[in-house]
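The structure under discussion appears below in the form of structure tokens.
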Amino acid sequence: MGRVIGLVAFHVFKESVRDKVLYNLVLFALLMISASYLVGQLTAGQDIKIIKDLGLAAAGVFGLFIAVFIGVGLVWKEVDRRSVYNVLVKPLRRHHFIAGKFAGLALTLLVNLAVMTAAVYAVLAVMAWAQPSLVTTARIEAPVVDPQLLKAFALIYMQLLVVTAVALFFSTFSSPMLSAALTFGLYIVGHFNADLAHFENVVQSPVAAAIARALYYLLPNLAPFDIKAAVVHGQPVAAGYVLLTGAYGLLYAGALVGLAMLIFSRRDFK
Amino acid sequence: MAAIDIDGLTKDYLVGFWRPRPYRALDGVTLRVEANEVFGFLGPNGAGKTTTLKLLMQLVYPTAGTIRILGKPPGDLGVRRRIGFLPEAPYFYDYLTAEEFLGYVAGLFGIREPERRTRVGSLLDRVGIGAERRLPMRRFSKGMLQRVGLAQALVNDPDVVFLDEPMSGLDPIGRRDVRALILELRDRGCTVFFSSHILSDAEALCSRAGILVAGRMVASGRIADMLAFQLAGWELVVSGVDAAALPLSDLHVRRVTPLADGRHALDLEPDADPERVIAECRSRGGRTVSLNPLRTTLEDFFVEQVAATQAAGQAGRFMPEG
Numbered sequence: 003m004g005r006v007i008g009l010v011a012f013h014v015f016k017e018s019v020r021d022k023v024l025y026n027l028v029l030f031a032l033l034m035i036s037a038s039y040l041v042g043q044l045t046a047g048q049d050i051k052i053i054k055d056l057g058l059a060a061a062g063v064f065g066l067f068i069a070v071f072i073g074v075g076l077v078w079k080e081v082d083r084r085s086v087y088n089v090l091v092k093p094l095r096r097h098h099f100i101a102g103k104f105a106g107l108a109l110t111l112l113v114n115l116a117v118m119t120a121a122v123y124a125v126l127a128v129m130a131w132a133q134p135s136l137v138t139t140a141r142i143e144a145p146v147v148d149p150q151l152l153k154a155f156a157l158i159y160m161q162l163l164v165v166t167a168v169a170l171f172f173s174t175f176s177s178p179m180l181s182a183a184l185t186f187g188l189y190i191v192g193h194f195n196a197d198l199a200h201f202e203n204v205v206q207s208p209v210a211a212a213i214a215r216a217l218y219y220l221l222p223n224l225a226p227f228d229i230k231a232a233v234v235h236g237q238p239v240a241a242g243y244v245l246l247t248g249a250y251g252l253l254y255a256g257a258l259v260g261l262a263m264l265i266f267s268r269r270d271f272k
Numbered sequence: 097m098a099a100i101d102i103d104g105l106t107k108d109y110l111v112g113f114w115r116p117r118p119y120r121a122l123d124g125v126t127l128r129v130e131a132n133e134v135f136g137f138l139g140p141n142g143a144g145k146t147t148t149l150k151l152l153m154q155l156v157y158p159t160a161g162t163i164r165i166l167g168k169p170p171g172d173l174g175v176r177r178r179i180g181f182l183p184e185a186p187y188f189y190d191y192l193t194a195e196e197f198l199g200y201v202a203g204l205f206g207i208r209e210p211e212r213r214t215r216v217g218s219l220l221d222r223v224g225i226g227a228e229r230r231l232p233m234r235r236f237s238k239g240m241l242q243r244v245g246l247a248q249a250l251v252n253d254p255d256v257v258f259l260d261e262p263m264s265g266l267d268p269i270g271r272r273d274v275r276a277l278i279l280e281l282r283d284r285g286c287t288v289f290f291s292s293h294i295l296s297d298a299e300a301l302c303s304r305a306g307i308l309v310a311g312r313m314v315a316s317g318r319i320a321d322m323l324a325f326q327l328a329g330w331e332l333v334v335s336g337v338d339a340a341a342l343p344l345s346d347l348h349v350r351r352v353t354p355l356a357d358g359r360h361a362l363d364l365e366p367d368a369d370p371e372r373v374i375a376e377c378r379s380r381g382g383r384t385v386s387l388n389p390l391r392t393t394l395e396d397f398f399v400e401q402v403a404a405t406q407a408a409g410q411a412g413r414f415m416p417e418g
């Protein structure tokens with residue numbers, strides 16, 4: 003089972019890294035990260051914060067684009083082009099295929115995020131080397147080449163796994179356009195999900211409050227994955243928080259992948 | 097044990113968005129294919145051939161009926177290890193090379209290096225993919241994709257091969273190669289089930305065939321048996337007699353064609369009595385040169401079956417509601 007999932011994942015990774023869309027997105031992300039150096043020059047005394055902030059934001063946004071644009075086509079494209087017929091008749095179960103697809107994109111995202119992380123650290127290292135005076139000011143809050151940034155990158159990755167699972171879930175039964183719209187929609191809703199928990203404070207109707215609470219548990223809660231501000235400003239982020247939030251992400255992504263497997267296993271390929 | 101055993105296979109699809117209606121793509125198909133047979137699954141476009149193959153491959157699930165391949169249901173992983181499938185107009189991954197894709201497929205069968213590399217190489221040689229094997233498949237022509245499709249269907253050295261329109265998209269040389277490949281598979285002891293609407297291929301390759309029209313099997317059996325009793329008439333060649341002067345309608349002669357050296361070819365109706373015509377010619381001083389029965393071709397038989405089914409009003413495939 004593991005061998006088959008690994009094989010499917012490896013080929014998703016191979017296909018993805020040869021896709022021009024991916025190269026364009028990664029290139030743009032690297033340009034953004036590099037440009038943060040220039041933007042940093044315009045803001046006296048805030049250079050390091052700006053670079054960290056822009057770097058993390060670029061990694062998150064472009065990671066999101068990769069997860070959505072590759073994720074929504076992951077299954078749909080295979081069904082639409084009928085390439086899935088060549089694979090599903092081989093000795094593997096349909097749910098192994100879905101697991102492999104998810105694992106393949108997760109690997110692609112990991113490699114891309116690692117490249118972006120390296121780029122952010124490289125820009126920070128250049129900054130520390132070129133302008134030591136600015137670095138001294140910044141060090142009051144947090145070191146320039148701050149290992150804490152890795153926690154933010156780790157949670158960005160976990161959030162991307164949730165987004166990938168959402169995209170993959172929609173991809174098993176709807177077109178890429180619709181899947182992309184729904185995934186972006188859920189991503190945005192996910193960042194305001196916490197408001198639903200306190201809906202009962204602003205509405206009178208108990209039914210509306212109950213629906214809001216149900217949605218709060220049902221929809222992904224993505225706000226906890228965003229620890230950019232804390233990390234950039236040198237506020238401590240407990241390892242336990244990162245682990246717990248990561249575990250929530252894995253659980254949510256796992257549940258969605260499970261649903262995707264269920265739908266895909268029962269589907270007729272007309 | 098039959099290689100393929102299909103019993104009462106029925107498939108309904110829901111058609112329409114607002115008021116979906118069941119459309120019967122396949123209606124109670126029953127057939128049996130013995131081991132080491134080349135079976136031609138014939139039918140006009142839209143007859144349900146591809147649906148049957150998808151059901152056999154469990155790409156769609158049946159509404160009713162059962163399928164057994166090598167004695168087991170089609171979803172059985174043990175069965176999947178022993179079968180190969182070429183879908184109609186196959187399509188693969190844009191950014192993978194033929195070599196990589198075949199390596200991937202071989203990996204799914206648990207074939208490990210170095211055997212994987214050897215097998216992939218020899219299969220690509222066998223289907224005529226040369227140096228192109230290292231190019232991304234998005235650059236491949238339809239014919240080349242068809243060849244890769246054949247190679248991936250054979251990567252596990254299968255006992256039963258299902259080919260959906262294997263000649264489609266191929267040039268005459270490609271078609272000849274595929275015909276040779278099917279015969280080679282048969283000689284190796286493999287069972288081949290292929291769908292086609294190119295009847296000359298079926299006539300040349302199949303030991304048995306089934307004809308599917310509007311989702312129903314209208315004929316099945318040995319091609320020789322199907323056509324043996326389908327006598328289309330007789331061709332009698334005589335010499336030394338003025339054939340045009342014979343009582344043609346009385347003798348059930350459809351047409352007289354003059355040939356070289358005073359010979360004539362007489363086209364007799366199927367219910368004519370050739371011996372009576374020969375006796376008539378002899379009585380007028382003529383001599384019989386040859387007498388041959390005219391058999392119905394598979395194409396004639398096929399057209400006849402399709403026309404008969406459509407005339408019987410079986411083409412309407414939407415099911416009554418409620």
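Residue numbers (our numbering), protein chains in the order written: chain F, 3 to 272; chain A, 97 to 418. Glycine included, each C-beta is placed from N, C-alpha and C at the ideal position. Note that the structure is a prediction, hence the values are computed from the model and not measured.
Contact check, residue i vs residue j, beta carbons under 8 angstroms
{"i": "Leu250/A", "j": "Pro186/A", "result": "no"}
{"i": "Val129/A", "j": "Thr287/A", "result": "yes"}
{"i": "Leu122/A", "j": "Thr146/A", "result": "no"}
{"i": "Ala167/F", "j": "Ala255/F", "result": "yes"}
{"i": "Asn88/F", "j": "Val28/F", "result": "no"}
{"i": "Phe266/F", "j": "Arg96/F", "result": "yes"}
{"i": "Ile35/F", "j": "Val125/F", "result": "yes"}
{"i": "Cys192/A", "j": "Ile307/A", "result": "Rather than Cys, the amino acid found at residue 192/A in this sequence is Leu. For Leu192/A and Ile307/A, no; Cβs fall outside 8 angstroms."}
{"i": "Gly192/F", "j": "Leu221/F", "result": "yes"}
Residue i (DSSP reduced to helix, strand or coil)
{"i": "Ala255/F", "result": "helix"}
{"i": "Met1/F", "result": "An answer regarding residue 1/F cannot be provided, because it is not within the stretch 3 to 272 covered by chain F."}
{"i": "Arg380/A", "result": "coil"}
{"i": "Ile102/A", "result": "strand"}
{"i": "Met263/A", "result": "coil"}
{"i": "Tyr189/F", "result": "helix"}
{"i": "Ala411/A", "result": "Any reading at Ala411/A must be qualified, since the residue scores a pLDDT of 48, below 50, and its modelled position is unreliable; the value itself is stated next. Three-state DSSP puts Ala411/A in coil, outside helix and strand."}
{"i": "Thr392/A", "result": "coil"}
{"i": "Ala368/A", "result": "coil"}
{"i": "Ala328/A", "result": "strand"}
{"i": "Ala240/F", "result": "coil"}
{"i": "Pro178/F", "result": "helix"}
{"i": "Tyr187/A", "result": "coil"}
{"i": "Gly260/F", "result": "helix"}
{"i": "Asp270/F", "result": "coil"}
{"i": "Ala132/F", "result": "helix"}
{"i": "Val23/F", "result": "helix"}
{"i": "Val234/F", "result": "helix"}
{"i": "Ser18/F", "result": "helix"}
{"i": "Gly8/F", "result": "helix"}
{"i": "Val122/F", "result": "helix"}
Residues sharing a beta bridge with residue i, DSSP
{"i": "Phe181/A", "result": "Phe258/A"}
{"i": "Phe137/A", "result": "Ser291/A and Gly306/A"}
{"i": "Lys168/A", "result": "Ile165/A"}
{"i": "Arg351/A", "result": "Asp363/A"}
{"i": "Pro232/A", "result": "Thr193/A"}
{"i": "Ala315/A", "result": "Ile307/A"}
{"i": "Leu127/A", "result": "Ile102/A"}
{"i": "Leu122/A", "result": "Lys107/A"}
Partners in chain A for residue i, counting only beta-carbon separations shorter than 8 angstroms
{"i": "Tyr25/F", "result": "Ordered by position in chain A, no residue passes the 8 angstroms Cβ test against Tyr25/F, which lies about 12 angstroms from the chain."}
{"i": "Val6/F", "result": "Leu204"}
Beta-carbon neighbours of residue i, restricted to chain F and to distances below 8 angstroms
{"i": "Gln248/A", "result": "Asn88"}
Per-residue contacts from residue i into chain F (C-beta, under 9 angstroms)
{"i": "Lys150/A", "result": "Tyr87, Asp270, Phe271 and Lys272"}
{"i": "Phe188/A", "result": "Arg83, Ser85 and Asn88"}
{"i": "Arg176/A", "result": "Val91, Lys92, Pro93 and Leu94"}
{"i": "Pro370/A", "result": "Going along chain F, no residue has its Cβ under 9 angstroms from Pro370/A, so there is no contact; the nearest lies around 53 angstroms."}
Chain-ordered neighbours of residue i on chain A, where CB pairs are closer than 7 angstroms
{"i": "Leu109/F", "result": "Those within 7 angstroms of Leu109/F in chain A number zero; the least Cβ separation is about 15 angstroms."}
{"i": "Leu9/F", "result": "Tyr200, Gly203 and Leu204"}
Partner residues on chain F for residue i, Cβ-Cβ distance less than 7 angstroms
{"i": "Tyr119/A", "result": "By Cβ distance, chain F contributes nothing, its closest Cβ being about 11 angstroms from Tyr119/A, past 7 angstroms."}
{"i": "Phe181/A", "result": "Val91"}
Distance cut-off 7 angstroms: residue i Cβ against heavy atoms of the ligand COA
{"i": "Val113/F", "result": "As for the ligand COA, it is missing from this structure, which has no ligand bound."}
> Taking three-plus beta-carbon pairs below 8 angstroms as touching, is the region 337 to 351 of chain A in contact with the region 168 to 183 of chain A?
Replying inline: no
> Would you say the region 191 to 206 of chain F touches the region 111 to 123 of chain A, given that touching needs at least three Cβ pairs under 8 angstroms?
Replying inline: no
>> Three or more C-beta pairs under 8 angstroms: does that hold for the region 350 to 369 of chain A against the region 260 to 279 of chain A?
In response: no
>> Pairs of beta-carbons, one from the region 54 to 63 of chain F and one from the region 117 to 124 of chain F, closer than 8 angstroms: are there three or more?
In response: yes
> Is it a yes or a no for the region 311 to 318 of chain A touching the region 349 to 360 of chain A, going by three-plus beta-carbon pairs under 8 angstroms?
Replying inline: no
> Are the region 212 to 225 of chain A and the region 155 to 171 of chain A touching, with three or more C-beta to C-beta distances below 8 angstroms?
Replying inline: no
>> For the region 255 to 274 of chain A against the region 284 to 300 of chain A, do three or more pairs of beta-carbon atoms, one drawn from each stretch, fall closer than 8 angstroms, so that the two count as touching?
In response: yes
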